[in-house]
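Heads up: the structure comes next, in structure tokens.
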Amino acid sequence: MPMLPIPSQKYSPYTPLHLPDRQWPSKTITRPPIWLSTDLRDGNQALVNPMTVDQKWRFLKEIVKCGFKEVEVAFPAASDTDFEFVRQVVEAQRTGEIPEDVWIQVLTPARADIIKRTVDSVAGAKRSIIHMYNATSPCFRQVVFGNTKEQTLALAVDHTKLVRQLTDACTAEHGTKFRYEYSPETFNQTEMEFALEVCEAVKRAWGRAAEGEERIIFNLPATVEIATPNHYADQIEWFCRNISEREKVIISLHPHNDRGTAIAAAELAMMAGADRVEGTLLGNGERTGNVDIVILALNQYSQGVWPNLDLSDMYGLIDVVMSCTELPVHPRHPYAGELVFTAFSGSHQDAIKKGFEKQAARHAADRAAGRKELWDMPYLPIDPQDIGCSYEAVIRVNSQSGKGGIAYLVKQALKLDLPRKMQMAFYQVVQDVADKSGKEMTTEDIVSNFCRTYHFGGMQYEGRLALRSFTLVDISHSVSSLTGIGSHNYTEEDVDRHIRIDAKLRVDGVLMTLSGEGNGPLSALLHALRDHLGIKLSIREYIEHAIGEGTSVQAASYVELVPSERGPADRSSKGFWGVGVDFDITYSGLRAVLSAADVTIGTQDLPKLNAKRSFNSTTGAQVADAIKSTLDLDIPPRLQIAFSELVRAKLAQNPTPEGLAKEFKEAYQYEVEGAFTLLTYAYGQGPNMRRTLTGKANSPIGEISLNGEGNGPLSSLLSAINIYLSAELSVRQYSEHSIGEGTDVRAASYVELVCPPVPGEKDRPSGWGVAVDEDITASSLKAVLSCINGMVATGKVGVRNPKN
Ligand SMILES: CC(=O)SCCNC(=O)CCNC(=O)[C@H](O)C(C)(C)COP(=O)(O)OP(=O)(O)OC[C@H]1O[C@@H](n2cnc3c(N)ncnc32)[C@H](O)[C@@H]1OP(=O)(O)O
Ligand SMILES: CC(C)C(=O)C(=O)O
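Now the structure itself:
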């Protein structure tokens, strides 16, 4: 049968209660109700497979752990299992396993045999509530029981008397303290006057209602939810107003959720005067379930009202409920669902990210001023951490997400506060991946994409241009050599300053030293990239921030580079972002430049670019080929330039390869006995991560001792040998490559050394050295000596005895 076009032919609406002076709409909930968990009764009776005793125990312990003081543990007459379970609970309360102040509640219909067994089940308990019910609504009177109103009332009264009689006897025999709860089942569908009449009669029959702990409980169930929640609230307010001796009565709610409004019904009914709520954790129960106490309690908590239940361990609670009921928890279940603190969509993520940032600042100010640190976050009604959920799940990324959410995750995982424009750039990267896969991207996916894109996060993500170390020399006024270890206060704005950088990089896996000059370390590095590798870029934006505090503070630098030919002012040119982090701010800036440069060059063929653009290729290529074919050396580009210039000045038009090789050996003291010869050396690590070099060498002044330290073998050797020279030499460029393969492999090292600048002189004396050795450190040291030997031979530096 399809749905009826005129449903009124089948269904009639509920009849609203006439209560024009209702008060509840202007009330608020300012204190928690008395809670009763009926998970082990109403919840249990609704399961395909009722809980085992073990499951009931596990559940009961969780209920007690949350702080419930009233627990309906069973319908003891339902089965031997239930009866036995109640006996075990009674015993556990006697031994203290279940706290003494917990009321053990049990349910019985108004049937003498069942009442007797129910009271028997709790005999010996410290405290027990006997809960008796019979249905009172017209439908049940007529259909289920075939009773008149009088018979219905008599059923309730007679059996209440029986409960009184049996409980009195039990108290006398076992000392059990009893309270009585009566439910006019289907209350919400019962005529209000009749429900009231039955309850008044039950109160009289019980005969013991008094204030405080002796109050009788009238539990007024919405057995089947059939009306809007305001109707239930009206019924509760009417009942509260009209029941006699209100102070001797606890008004209890027992909402079901057939219309999906049990929470609203319970909340409005609390506003209408109810004192107590019966429900289940996460809302299991008959049909659509009982009212969900987790939601009710956390709704109160979100209003600043302590609910008298501790739900801090939400994951633990979910685990217990799911394993005992064998029912899943919907991912959208309020407070408990896996996705309820999660934003996938861009604008939600953006708002949450901004919310966290603003809130952190606001809280810091509140703390300082001694004010409350109030929670006020877009889209998050409570702090997930209060119920044991982490912020990790707050933002998750798929193709619906925006830059804000992605930046939030990057910040959480890597502590990087990406500049807005870089967020947009990385967003495109993530969007492409998410769009292609059509799936969610985990934080790990995003982080690894970030690290791969910006070559961030250690050796495994290293790109084509990787910084190893650097030396900075201030060549503006005085000459002071600064190594790449330690912090230097250079700013790019200081236009008067002139800095030279010698940066040791791995370029496409080959170690080389690139030199450049600029008004700061970053521009000097950009010049080095331009001169040596033909990468022509300028800085459009530079941003930095600290990560951490105190002695472990690190600097994060972000750089946007644009092609130099367009210039940074041209807003239309596409920028490329990079990032670097280091304890040293200069290092972090240089790393950021290289990260952005790497993004810019992509897979562009760098060596060819280098060979074609950074020097006169024809002559350079010819001499390079000749040296390769004769000496098996791949001489670096700048040495090719230097050597080809020397060759042009010195040799005939078309020298033979052998002629070039001879000239090369002589010019760079390669395989030639020179002024300085290394005899022995030991290279290691000294204090503060500095490297040390000790050894002996032959020199024009006899055998000398070497004792130096630096950030690598070259600088260590120079610091040892500079005292024997007339000028303090420093490394401008270094590169190396292997010759041969396997166990026969040898290292070829090339080093360019340079004298300090001389005021008034444009060019600084410099020279190249070359050496080959099986030991890579030895080959680099010998290359330094070969260069010094060449510079001594040509008079660029002199030899001095430091003792004189
Ligand atoms: C709204 C609620 O959740 S109420 C709680 C419901 N929970 C349960 O029913 C779970 C436990 N129940 C049981 O195990 C069984 O139903 C028992 C053991 C209580 C009774 O089993 P049975 O004797 O086989 O009876 P049955 O289950 O068929 O119950 C229906 C009988 O009880 C009567 N009855 C139902 N509710 C009540 C009541 N509150 N007071 C008195 N009699 C009642 C019915 O009128 C019917 O009587 P009839 O057989 O004379 O027509
Ligand atoms: C026994 C009563 C309280 C009940 O479970 C209901 O009416 O839903």
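Heads up: the sequence shown begins at 1 in full-length UniProt numbering, then just goes up one per residue. Ideal Cβ placement from N, Cα and C applies to all residues, glycine included. Only a predicted model underlies this, so the values are computations on that prediction, with no experimental measurement involved.
Using 8 Å as the cut-off, can you tell me whether the region 463-479 makes contact with the region 500-511, which would need three or more C-beta pairs spanning the two stretches below that distance?
yes
Hey, out of Ala135, Leu753, Leu467, whose CA is closest to Gln189's CA?
As a working note, residue 189 is residue 189 in the sequence shown. For the residues Ala135, Leu753, Leu467, the minimum Cα distance to Gln189 belongs to Ala135.
Next on the checklist: Along the chain, where does the alpha helix (DSSP H) containing Met1 start, and where does it finish?
Outcome noted: Here residue 1 corresponds to residue number 1 of the sequence shown, with the count starting at 1. Where Met1 is concerned, there is no enclosing alpha helix (DSSP H), given that its DSSP letter is neither H nor E.
- Just checking my contact of Ala336 with Met314 at CB under 8 Å: how many whole Å lie between their CB atoms? For the purposes of this step, residue 336 is taken as the residue at position 336 of the sequence shown. For the purposes of this step, residue 314 is taken as the residue at position 314 of the sequence shown. Correct: roughly 6 Å between the Cβ atoms.
*Below 8 Å, can you find three or more Cβ-Cβ pairs linking the region 23-33 to the region 61-81?*
no
*Would you call the CB atoms of Pro378 and Ala351 closer than 8 Å?*
In the sequence shown, counting from the first residue as 1, residue 378 sits at position 378. In the sequence shown, counting from the first residue as 1, residue 351 sits at position 351. Closer than 8 Å, so yes.
Helix, strand or coil: which one does DSSP assign to Arg41? Locating residue 41 in the sequence shown gives position 41, counting from the first residue. In this structure, Arg41 counts as helix in the three-state DSSP scheme.
Could you spell out where the beta strand (DSSP E) holding Asn707 opens and where it closes? For the purposes of this step, residue 707 is taken as residue 707 along the sequence shown, with counting starting at 1. Unbroken beta strand (DSSP E) run through Asn707: 702-710.
**Asked** Between Arg396 and the rest of its own chain, which residues show a CB-CB distance below 7 Å, the 5 nearest in sequence each way excluded?
**Response** On the sequence shown, position 396 is the one that residue 396 refers to. Here the set comprises Thr342, Phe344, Glu440.
Hey, Asn230 and Gly43: beta-carbon distance below 8 Å or not? In the sequence shown, the residue the question calls residue 230 occupies position 230. In the sequence shown, the residue the question calls residue 43 occupies position 43. Contact flag unset, no.
* Asked: Can you name, in chain order, every residue of its own chain whose Cβ lies under 6 Å from the Cβ of Cys199, other than the five neighbours on each side?
  -> In the sequence shown, residue 199 corresponds to position 199, counting from 1. Excluding residues within five positions, the ones whose Cβ falls inside 6 Å are Phe218.
For Ile701, which residues in the same chain have their Cβ closer than 6 Å to its Cβ, ignoring the five residues on either side in sequence?
Position 701 of the sequence shown, counted from the start, is the residue given in the question as residue 701. Answer for Ile701: Asn801, listed in chain order.
- Outcome for Gly767 when other beta-carbon atoms lying within 10 angstroms are tallied against a minimum of 16: For the purposes of this step, residue 767 is identified with residue 767 of the sequence shown, where counting begins at 1. Looking at its Cβ environment, which holds 16 or more other Cβ atoms inside 10 Å, Gly767 is buried.
#### Entry: Euclidean distance between Cα positions of Ser738 and Leu781
In the sequence shown, the residue the question calls residue 738 occupies position 738. In the sequence shown, the residue the question calls residue 781 occupies position 781. Each residue's alpha carbon lies about 16 Å from the other.
Sequence-distant residues of the same chain with beta carbon closer than 7 Å to Ile723, five excluded per side: In the sequence shown, residue 723 corresponds to position 723, counting from 1. Only Pro802 meet the Cβ criterion.
* Should the region 72-87 be regarded as contacting the region 104-117, the criterion being three or more beta carbon pairs within less than 8 Å? -> yes
Is it buried or exposed for Trp306, if we count other Cβ within 10 angstroms and need 16 for buried?
-> The residue you call residue 306 lines up with position 306 of the sequence shown. Burial call: exposed.
Between which two residues does the alpha helix (DSSP H) carrying Arg420 extend? On the sequence shown, residue 420 is found 420 positions in, with the first residue counted as 1. It spans 420-437 - the alpha helix (DSSP H) in which Arg420 sits, taken as one unbroken run.
Does the Cβ of Pro607 have 16 or more other Cβ atoms within 10 Å, making it buried, or fewer, making it exposed?
For this step, residue 607 is matched to residue 607 along the sequence shown. Caution is warranted here: a pLDDT of 49 is assigned to Pro607, below 50, making its placement in the model unreliable, and the coordinate value is therefore given only provisionally. Its Cβ having fewer than 16 others within 10 Å, Pro607 is exposed.
Original post:
Since Ala793 is in the alpha helix (DSSP H), which residue starts that stretch and which ends it?
Top reply: If you number the sequence shown from 1, residue 793 lands on position 793. From DSSP, the alpha helix (DSSP H) with Ala793 extends over 776-793.
* To do: Determine the closest residue to Arg204 out of Tyr182, Ala222, Glu752, Phe187, with distance taken between C-alpha atoms.
  => Position 204 of the sequence shown, counted from the first residue, corresponds to residue 204. Arg204 has its Cα closest to that of Tyr182, out of Tyr182, Ala222, Glu752, Phe187.
inquiry  = Is Glu70 a contact residue of ligand 2, with contact defined as CB to any heavy atom under 7 Å?
reply    = On the sequence shown, position 70 is the one that residue 70 refers to. For ligand 2, not one heavy atom lies less than 7 Å from the Cβ of Glu70.
Starting from His527 and walking both ways along the alpha helix (DSSP H), at which residues does that stretch end? As a position in the sequence shown, residue 527 is number 527, starting the count at 1. 521-533 is the span of the alpha helix (DSSP H), which, as asked, contains His527.
Quiz prompt | Gln359 vs Asp376 beta-carbon contact at 8 Å | solution = Against the sequence shown, residue 359 aligns to sequence position 359. Against the sequence shown, residue 376 aligns to sequence position 376. Yes, they are a contact pair.
Self-check item: Contacting residues, own chain, Cβ-Cβ under 8 Å from Pro713 (five flanking each side not counted)
Solution: By 1-based counting over the sequence shown, the position of residue 713 is 713. Excluding positions up to five away in sequence, the list reads Tyr683, Arg691, Leu693, Thr777, Ser780, Leu781.
Next item on the list: Please say whether Asp598 and Leu465 have beta carbons closer to each other than 8 Å?
Entry: Within the sequence shown, numbered from 1, the residue matching residue 465 stands at position 465. Within the sequence shown, numbered from 1, the residue matching residue 598 stands at position 598. Yes, these two residues count as a Cβ contact at 8 Å.
| query | Which residues share a DSSP beta bridge with Thr677? | reply | By one-based count along the sequence shown, residue 677 stands at place 677. Asn698.
_Measuring only the C-alpha atoms, how far is His488 from Gly740?_
Position 488 of the sequence shown, counting from 1, holds the residue named residue 488. Position 740 of the sequence shown, counting from 1, holds the residue named residue 740. With a pLDDT of only 45 at His488, under 50, the local geometry of the prediction cannot be trusted, and no value is derived from it.
(request) For Val430, count neighbouring Cβ atoms within 10 angstroms of its own Cβ and tell me buried if that reaches 16, exposed if not. (result) Within the sequence shown, numbered from 1, the residue matching residue 430 stands at position 430. It counts as buried.
#### Entry: Residue span of the beta strand (DSSP E) that contains Thr160, given as start and end
Taking the sequence shown and counting its residues from 1, one reaches residue 160 at position 160. From DSSP, Thr160 is part of no beta strand (DSSP E) but of the alpha helix (DSSP H) over 149-174.
Review point. Using a Cβ-Cβ cut-off of 7 Å (strictly less than) and excluding sequence neighbours within five positions of Leu505, which residues of its own chain qualify?
Key: To locate residue 505, count along the sequence shown from 1; it is residue 505. Excluding residues within five positions, the ones whose Cβ falls inside 7 Å are Leu465, Ala466, Leu467, Arg468, Met512, Leu514.
Worksheet item: Thinking C-beta only, is Leu196 closer than 8 Å to Asn242?
Response: Reading the sequence shown from its first residue, position 242 is the one you call residue 242. Reading the sequence shown from its first residue, position 196 is the one you call residue 196. For Asn242 and Leu196, yes; Cβs fall inside 8 Å.
Mind checking whether the beta-carbon of Asp42 lies closer than 7 Å to any heavy atom of ligand 4?
You won't find ligand 4 in this model; what it holds is ligand 1 and ligand 2.
Original post:
CB Gln303 to CB Leu17, shorter than 8 Å?
Top reply: Here residue 303 corresponds to residue number 303 of the sequence shown, with the count starting at 1. Here residue 17 corresponds to residue number 17 of the sequence shown, with the count starting at 1. Contact: no.
If contact is defined by three or more beta carbon pairs under 8 Å, each pair taking one atom from either stretch, is the region 661-670 in contact with the region 619-637? yes
message: So, at 6 Å on beta carbons, what are the nonlocal neighbours of Phe83 in its own chain, with the 5 sequence-adjacent residues on each side left out?
response: Locating residue 83 in the sequence shown gives position 83, counting from the first residue. So the qualifying residues of the chain are Pro76, Ser121.
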